[in-house]
Every structure is written in structure tokens, then in C-alpha cells.
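This note's numbering puts the sequence shown at residues 4 to 299.
First comes the structure, then the notes that go with it.
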Amino acid sequence: MADTPTTRRSLLIIGGAEDKVGRVTVLRRFVRLAGGRRARIVIIPTASSVPDEVIDVYRTVFTRLGAPEVTAINPATRQSSSDPDLAAEVDAATGVFISGGNQLKLSQLIVGTPLGKALLTAYQRGAVIAGTSAGASVMSQFMISMGDEGVTPRQRSSQLTAGLGLLPGVIVDQHFDQRARYGRLLSLVAGSPSLLGMGIDEDTAAEVTDERELSVVGSGAVFVVDARQATTDAHLARRDAPLLVSGATVHTLPYGALFDLETAQLTDFVERYADSAVTSSKDRHDTATAAAALHH
4 MADTPTTRRS
14 LLIIGGAEDK
24 VGRVTVLRRF
34 VRLAGGRRAR
44 IVIIPTASSV
54 PDEVIDVYRT
64 VFTRLGAPEV
74 TAINPATRQS
84 SSDPDLAAEV
94 DAATGVFISG
104 GNQLKLSQLI
114 VGTPLGKALL
124 TAYQRGAVIA
134 GTSAGASVMS
144 QFMISMGDEG
154 VTPRQRSSQL
164 TAGLGLLPGV
174 IVDQHFDQRA
184 RYGRLLSLVA
194 GSPSLLGMGI
204 DEDTAAEVTD
214 ERELSVVGSG
224 AVFVVDARQA
234 TTDAHLARRD
244 APLLVSGATV
254 HTLPYGALFD
264 LETAQLTDFV
274 ERYADSAVTS
284 SKDRHDTATA
294 AAALHH
């Protein structure tokens, strides 16, 4: 008897402000994962304050990249997320894209509703679920819904809220380098060291397969912090006090990195940003020229 093929589960977690007019590397990857010219994409702009504009922009990009069918759903209330027609749209999708905006809206309007359950079911059957900015944060079981920015971790500087639960065991933050969110992510994993912290730069995505294998796509990096063996005073420090976090392991992963979220270890890396100014052929030429000049 032949083995039953295993369903490949894919998340594309985007740090926000992804390129939409140039090489569109991250969004091109999403369309490819969704099936390319056979893709049926559903956009969820619920987090945004300008959902119509969001729909128009992403529909244009995805269509230009070859997706033949792009639709949108936008529940205005938690009750409307129980509409079976919305769940049916997700059920038929090969890819779902959740836009940026206010992630607390996503928790309030979608998490724990029939639409939220439809997203989980779609992911489990093999549809790629992508989210940018707020849509990235909501991927995890516990998401950052608000918090201070800055480099130094401080006690109670952030707040966690229920997310969709597509990526358990990880806290996701976005616009990471651009908005100096190192401190708030580190403060959260200090208080919950069983969770990995994942910070994603703008125009960059963490592609996660089967909740374990992470690969990086885009122009920035994905930051992973593991505080499981760290020493911290999170249980003692007063509100807003700087936190002690000693012994956390930090991974900065650019395009080309492959990382195991279960073991929290780098498994492979292929350099994607080689410096053309230091290629060997040019070096040899320049060295020979300099040597010849010195001997005359």
C-alpha cells in the first residue's frame, strides 16, 4: 500500500513595508507558494484603516505576478466573522494574505471565530498563509498587541494578546530594525523563556514550513532570540525597570539562511549578498597591477 503524501504547511511572515513596485521578491514568493498561475488568493485587509486601498494595491501586485483569481473579505465585526460565506472563501483559497494595520483589530474581530478556524484549517490542508506587519504578528499563538520601542528591555513594556495560533512557541515582532524593537521582544521572552522571539525587518519574510523549518527571503534579516537558558530578573523587577537578561542566544539570519525552530539552530546558509568589489578575479588583477607598479 502506497504511503499517503504528507501535506506541506507554509507560512510567509513579513516584517512590513515589503517592496510592491520593484523586484517584489517577498510578494513574488507568496504568489509562487500559492500556486502561481493556478493561485486563488484571498486578501484580508481588516487590520487596515484604509481597507479599500489595501485591496486595490495587493490585487494589482498579485495579478501582475500571475495570480488569476484574487478576492477579498473584510469582516467589520466579530459577529460577521461567523458568516459562512467568508469561511467558504478561505476554504477555496490556495493562499491567504493578511494586511498590516492594527493587530488588536485582528485579535478582536477574527481570532477564535469561525473565520479564524477556517484560516487554521486552510493552513493545515496546505494553503499558504501570509501576513505583513500586523498580519505577521497575529500568526503566533500569543502576539504583541502593543508595547514600547527601544533597545533596552524593560519590565512590562509590552502586552501579549491571543493570536491565530498558526505558529506555536514563537512571539513575532515586525518592522524590527527600523523601529528599534529589540528591547520589547527581549523583555517578552525574558518573561516567557519557553517561547522563541522572532523579529522581522521590513521587506523581509520568514518562510516557515511545518512550524519548524525557517528560511529567510528579502532585503533585511530575521532576528531570533532564545532565552531558554538565560538568567533574568523578570520576576523581580519593578515596572519600567531595565531587565537583566544574561545568556540569551541571538541569531541574525539574512536572506539565504535556513534555521530549525525546534532546535533553535542554524542548519544551512548560502550567501546572497556577496560583495562584487572583493571577488577573487578582481582582487588578483588589482594585486598584480599594484605589484607591477611597486617594482618600477
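From the three backbone atoms N, C-alpha and C, an ideal C-beta is built for every residue, glycine too.
Fair warning: this is a prediction, and the values are worked out from it, not measured in the lab.
From the options, residue whose alpha carbon lies closest to that of residue i
| i | options | result |
| --- | --- | --- |
| Ala260 | Val227, Ala130, Thr63 | Val227 |
| Leu80 | Asp229, Lys108, Gly103, Phe100 | With the sequence shown as reference, residue 80 is identified as Thr, and Leu is not the correct amino acid for it. Comparing Cα-Cα distances from Thr80 to each of Asp229, Lys108, Gly103, Phe100, the minimum goes to Lys108. |
| Val192 | Phe145, Glu210, Ile203 | Phe145 |
| Thr135 | Ser51, Leu246, Val273 | Ser51 |
| Tyr276 | Asn77, Thr164, Val57, Ser222 | Ser222 |
| Asp180 | Asp86, Arg157, Thr164, Met201 | Met201 |
| Asn322 | Leu68, Val45, Ala96 | Only positions 4 to 299 of the chain appear in the structure, and residue 322 is not among them; the question remains open. |
| Asp243 | Val211, Phe262, Ser190, Val220 | Ser190 |
| Glu265 | Ser197, Pro54, Pro245 | Ser197 |
As assigned by DSSP and simplified to three states, the class of residue i
| i | result |
| --- | --- |
| Asp180 | coil |
| Leu167 | coil |
| Glu21 | coil |
| Gly153 | coil |
| Asp236 | coil |
| Gly98 | strand |
| Ala293 | Any reading at Ala293 needs caution, since the residue's pLDDT is 40, under 50, leaving its predicted position unreliable; the model's value is listed next. It is helical. |
| Leu264 | coil |
| Gly119 | helix |
| Gly250 | coil |
| Thr207 | strand |
| Thr212 | strand |
| Gln127 | helix |
| Ser110 | helix |
Which residues DSSP lists as bridging residue i, in chain order
| i | result |
| --- | --- |
| Thr135 | Ile17 |
| Met201 | Val175, Val227 |
Taking contact to mean at least 3 C-beta pairs separated by less than 8 Å, is the stretch 113-126 in contact with the stretch 89-96?
yes
Count Cβ pairs between the stretch 241-258 and the stretch 167-183 that sit closer than 8 Å; are there 3 or more?
no
Quick check on the DSSP output: what are the complete beta strand (DSSP E) runs of length 3 or more inside the stretch 51-92, in order along the chain?
72-75
Please confirm if the stretch 203-210 is in contact with the stretch 147-160, defined as three or more CB-CB distances below 8 Å between the two stretches.
no
I'd like to know if the stretch 30-43 and the stretch 229-243 are in contact, where contact means that at least 3 CB-CB pairs between them fall below 8 Å.
no
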